[in-house]
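Residue numbers (my numbering): 1 to 131.
Written out as C-alpha cells, the structure reads:
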C-alpha cells in the first residue's frame with residue numbers, strides 16, 4: 001500500500017534520518033513510519049521472544065471470529081507489536097483492542113499502522129469481479 005514501516009536498530013540519530021530519507025526517495029513510497037531504535041542490535045533471545053509474541057497475537061486474531069486475521073500483518077520488534085493492513089476504522093479498533101487487552105507476556109506496546117478504508121471502499125474491494 002506504499003506505506004513503509006522501518007523497525008530495527010541503528011547506531012545513531014543521523015543513521016536513522018539517513019535511512020528515512022533514502023526510503024522516502026524511492027518511487028511509489030507514499031508514507032514512512034520510522035520506528036528505528038538507536039542502540040545495539042537486539043539479541044537472539046529478544047528476537048525469539050518477538051517470534052513467540054507474533055505467534056500468540058496471530059493465534060489470538062485467528063480465534064476471534066469477528067476478525068479477518070488474514071487482513072492484518074503483524075511485525076514484532078523489541079516487544080512492540082506493529083499492526084498493519086487495510087481495514088475499516090471499526091475493524092482496526094477491534095483488532096487493536098484485542099491485542100492491547102491481551103495477556104501476551106512481553107508485549108510492550110501496540111502501534112497501529114493501518115490504512116483505513118471506508119465501508120464503501122470495503123464493499124467495492126470485496127465485490128466479485130464482473131466478467
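Glycine is no exception: its CB is placed at the ideal position from the N, C-alpha and C atoms.
Just so you know, these numbers come straight off a predicted model, no measurement behind them.
Taking a 10 Å sphere around the C-beta of residue 53, we find 16 or more other C-beta atoms and assign the residue as buried.
Residue environment: residue 38 is assigned as exposed (fewer than 16 neighbouring CB atoms within 10 Å of its CB, all protein chains considered). In the DSSP assignment, residue 126 falls within the alpha helix (DSSP H) that extends over 119-126. Apart from the 5 residues on each side of it in sequence, residue 1 sits with its Cβ closer than 7 Å to the Cβ of 86 and 115 in its chain, given in chain order. DSSP places residue 96 in the helix class (H, G or I) of the three-state scheme.
Boundaries of the alpha helix (DSSP H) harbouring residue 23: 13-24, taken from the DSSP string. The segment 50-66 makes no contact with the segment 19-38: fewer than 3 CB pairs, one atom from each, lie closer than 8 Å.
DSSP lists no beta-bridge partner residue for residue 108.
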